[in-house]
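Here's the structure we're looking at; comments come further down.
Chains as they are written, first to last, in our numbering: chain A, 1182 to 1486; chain B, 1153 to 1484; chain C, 1221 to 1356.
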C-alpha cells in the first residue's frame, strides 16, 4: 500500500465523523487501490453513507484525514471534476427531465460526455423528456448513473444505488457500470455500497466492511477469502485455535463448534474440518461479531445453561 | 449555472412576472383615475395659486386599491419566504443539492450565481412596485402631505426595493443556516416583520435629531410640506402639560386641557361653574404657556429614504456574507 | 460466437467459470481455432461482471496456451485444449458408472459420494495442501 496516496484511489487514516449526539464513523483507515470495484458493506447505521459523503467533500471530517485520488476532498473544480457521486434514493431535481439534467451537467462541468449518457438512456428505454420524478426507481437510478458517468470521473462513489431496484433493473445497472469501467480510458475506480452480497460478488474485487462505525475488513476479496477458513468440529476447547489464529465468529451447539477464523498460519488441528468461506458468510461473520448484544444469543444455539 | 438557475426558477419567474403585470395594470388604471379626480377638484385653486394643503376634505380613492397598496408592505416578505428561504434549504431537504454540489462547481460559485440572480430579481421587483406606488400616490401625497408618515414612507420611493433586497437576503440566510424550508419560512416571516416594525416604530425617527419648534399658545402652527410629526403638546412654567386620557376632555384652543387652565384665565359662568374667559388663549400666553412641535422636516424625506435604504442594504450584505461563510463550512 | 453465463452461487469463482466455458466451447466446437473471443466490453455488457474478471480469465487461457492476445486486434483462439481422446472419456465414464453403482449398493447416498469425490480430488491436488490438512 503506497502511503503517499499516489497509486490509490482512496486512502483514509483515522477518519472520524462525530455529531453532537452520536459518532457516525470512528477511526476509519481504509485503502482502495486504483482500478478496483470496491464493495462497501455493513449494517444500516454503520457509517457507509457517512464515509462516502466524507470522500466527496459533501461532509467534513471531525478527525483523521482522507486522500482521494491523491488529494484531500475540497471545494475545487479540478477535484470535483474527477469524482462522481450517486446518493441513496438518487436525489435529482424531480421537476426537471433527464435531458435537463444532461444539459445542466454540460454547463456545470468542463469534461462532459452528454452524448453517451443520452445514448445509454435511449438504449435502456428511459424517456429523456419526462420529469425525473415520474420515472420508475430503476429508470431514475439509470439516469443518476448515466449522469455520474457522463462526468468521466476517475472515482465513482455509489451509495446503495440498487436498493430499490428489481433484479432485471439491477442487472442493467451493473452492466452499465462494468461497461463504463471497460471503456474508460483514464481508468475508473468504483466504491459501491449495497446489502446484496450476491450482486457484489460478481462485480466487486475489493471489500470494505464497516460495522459499529468501525472498519472490520478492508482488502482484495480474493486475498480476504484466502485468509479466512471455516472450521467445523466437535464441541471442545477452542483455546489452541485462538492462540494461533484470530477467531472472528463462533457458533456452538451442544455437540459441535463452528469457527470462522482469520488464519495466522496453517491449520493443523485434525479435529476440525476446514472449508472455504464464501463472501456472504465472511461478511455475516464479521457483522455478527460486531452485532449488539441482543443478537448474541443467535450465536449460541441450544447452549446448556 | 445561470442556465440551471433559470430552468429551476422558470415557473416562479413567470408567476411573479404575471402578478407584477396584473398589479401594474391595476395601479396604472386606478392611478390615472385618481389623478383625473385630483386635477378636476384642485384645478381652479392651482390656477389661482391658493390651494390649501393638506386638503383633508378631498376624497381620493378610499376603495380596495388603497388596501392593495398597503399590502405591498408584505411583498418583500413573500418573495423572501418563497424564493429566498428554499434556495438552499430545499436542495438539502430533497437531497437534490447532492447532484449540484458534486458537479464541477464549488458550492460558493453555485451560491454566488443563484444569490446574484435572486437579489437582482428582488431589487427589480421591489423597484418596480415602489415606482408604481410612488407614481400612484402622487395626488394623495400632494393633497394629504403624508408621504413621510410611517406606512406611507415604507411603500414609496426606494424603500420597497431596499426592503425586498433585505427580505430576500434574510430568507436565503435563514434557509442556509436552518436547512429546513418550513422553519426558515417562519424565521423569514417573523424576522422581517419584527425588524421592520422596530425600525418603523423606534429607530427611524432618530436618523437625524428631530426638530422641536415652540410657538405661542394661540398660533395655528404647522410645519411646512410633508413633515413627519413625532410629538406635539404644551409646556407651562412648571414643565410639560400631560394630556389626560379618556373621552370628552374639555379643551381650549388647539387641545389645551381645560383642567390645566389657571384660575386667572377662567371666568364664572351664569350657572355657577367655571368656563374659559373669552381671551383665554392670550391669557395662557401671558402666563407662560406655549405649544411645541417635534417633527422631522419635510426636506429630510429623501435623506431618510437613503439612510434607511443604506441600513437595510448593509444588513442584507451582512446576511449574504453569513450565507457564504456557512455554505462551505458546514456539511452539505 | 460464444455466450457467457456467470452463476453467482455455484461456488466457482467467476473468472474460473469463464475459463471453463471457453474450454468447453472449444471442446464442443462452438469456438474454433482462429476465432476471436468477445472483447472485455462485450462480455461485461452481457454478463455484468468486473472487467478485471474477464481479463484474468483471458490471461489464464493465454498462459495455458489456448488463446493469444494480438495487440490492437483482440484475443484469438490458438489451439484446442489437449486432453484424452473421446474414447478415453467414454472408457473412464463407464468405469465411473460402475463405481457409482457399487457405492450406492454399499449404502452411500449421492451426498456422501460427492463429498468423497471432493476430498479425493483435493488430497490428490498438491496445490491445495493447506486445506487438506484439516481432514479427519
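All C-beta atoms in this analysis are idealised placements derived from N, C-alpha and C, irrespective of residue type, glycine included.
Other residues of its chain near residue i: CB distance less than 7 angstroms, five sequence neighbours each side excluded
| i | result |
| --- | --- |
| residue 1351/A | 1343, 1380 |
| residue 1237/B | 1323, 1326, 1327, 1333, 1336, 1337, 1340 |
| residue 1242/A | 1196, 1197, 1198, 1235 |
| residue 1217/B | 1178, 1182 |
| residue 1476/B | 1260, 1263 |
| residue 1295/A | 1283, 1286, 1287, 1331 |
Residue i at chain C interface by Cβ criterion, 8 angstroms
| i | result |
| --- | --- |
| residue 1442/A | no |
| residue 1384/A | yes |
| residue 1389/A | no |
| residue 1458/A | no |
| residue 1297/A | no |
Any C-beta of chain A under 8 angstroms from that of residue i
| i | result |
| --- | --- |
| residue 1260/B | yes |
| residue 1258/C | no |
| residue 1239/C | no |
| residue 1156/B | yes |
| residue 1234/C | yes |
| residue 1484/B | yes |
| residue 1159/B | yes |
Best match in the options for proximity to residue i [C-alpha to C-alpha]
| i | options | result |
| --- | --- | --- |
| residue 1266/B | 1351/B, 1235/B, 1355/B, 1364/B | 1235/B |
| residue 1385/A | 1392/A, 1400/A, 1298/A | 1400/A |
| residue 1419/A | 1409/A, 1410/A, 1440/A | 1440/A |
| residue 1271/C | 1403/A, 1411/A, 1383/A | 1383/A |
| residue 1380/B | 1403/B, 1158/B, 1448/B | 1448/B |
| residue 1466/B | 1360/B, 1250/B, 1453/B, 1319/B | 1319/B |
| residue 1291/C | 1252/C, 1259/C, 1326/C | 1259/C |
| residue 1255/B | 1266/A, 1205/A, 1455/A, 1301/A | 1266/A |
| residue 1209/B | 1292/B, 1172/B, 1215/B, 1258/B | 1292/B |
| residue 1200/A | 1276/A, 1394/A, 1223/A | 1394/A |
| residue 1378/B | 1300/B, 1372/B, 1277/B | 1300/B |
Helix, strand or coil at residue i [DSSP, three-state]
| i | result |
| --- | --- |
| residue 1302/C | coil |
| residue 1266/A | strand |
| residue 1194/A | strand |
| residue 1205/A | strand |
| residue 1397/A | strand |
| residue 1380/B | strand |
| residue 1409/B | strand |
| residue 1447/A | coil |
Interface partners of residue i on chain C, CB under 9 angstroms
| i | result |
| --- | --- |
| residue 1356/A | 1264, 1265, 1266, 1267, 1268 |
| residue 1379/A | 1228, 1229 |
| residue 1218/A | 1270, 1271, 1272 |
Amino acids of chain A, ordered along the chain, whose beta-carbon sits closer than 7 angstroms to that of residue i
| i | result |
| --- | --- |
| residue 1253/B | 1239 |
| residue 1319/B | Result: empty, since nearest Cβ-Cβ is about 25 angstroms, beyond 7 angstroms. |
| residue 1208/B | Those do not exist, as residue 1208/B stays about 53 angstroms from chain A at its closest Cβ, beyond 7 angstroms. |
Residue i: contacting residues in chain A (beta-carbon distance under 8 angstroms)
| i | result |
| --- | --- |
| residue 1166/B | None at all; the shortest Cβ gap to chain A is about 14 angstroms. |
| residue 1261/C | 1360, 1363, 1364 |
| residue 1271/C | 1359, 1362, 1363 |
| residue 1480/B | 1256 |
Under 7 angstroms from the C-beta of residue i: neighbouring residues of chain B
| i | result |
| --- | --- |
| residue 1268/A | 1247, 1250 |
| residue 1291/A | 1256 |
| residue 1312/A | Here the premise fails: no neighbours, minimum Cβ distance about 12 angstroms. |
| residue 1470/A | Those do not exist, as residue 1470/A stays about 31 angstroms from chain B at its closest Cβ, beyond 7 angstroms. |
Residues of its chain near residue i, where Cβ-Cβ distance is below 8 angstroms and the 5 sequence neighbours each way are ignored
| i | result |
| --- | --- |
| residue 1206/B | 1295, 1296, 1297, 1298 |
| residue 1461/B | 1310, 1311, 1313, 1314 |
| residue 1372/B | 1406 |
CB contact check: residue i to chain B, cutoff 8 angstroms
| i | result |
| --- | --- |
| residue 1242/A | no |
| residue 1288/A | yes |
| residue 1437/A | no |
| residue 1454/A | no |
| residue 1294/A | no |
| residue 1273/A | yes |
| residue 1491/A | Because residue 1491/A is not part of the residues shown, which for chain A are 1182 to 1486, the question remains open. |
| residue 1261/A | yes |
| residue 1258/A | yes |
Beta-carbon neighbours of residue i, restricted to chain B and to distances below 8 angstroms
| i | result |
| --- | --- |
| residue 1422/A | In chain order: nothing, as chain B lies at least about 45 angstroms away. |
Same chain, Cβ closer than 6 angstroms to residue i, five either side skipped, listed in chain order
| i | result |
| --- | --- |
| residue 1366/B | 1442, 1444 |
| residue 1211/A | 1193, 1389, 1396, 1399 |
| residue 1413/A | 1439, 1454 |
| residue 1233/A | 1338, 1340 |
| residue 1321/B | 1468, 1471, 1472 |
Under 8 angstroms from the C-beta of residue i: neighbouring residues of chain C
| i | result |
| --- | --- |
| residue 1352/A | 1268 |
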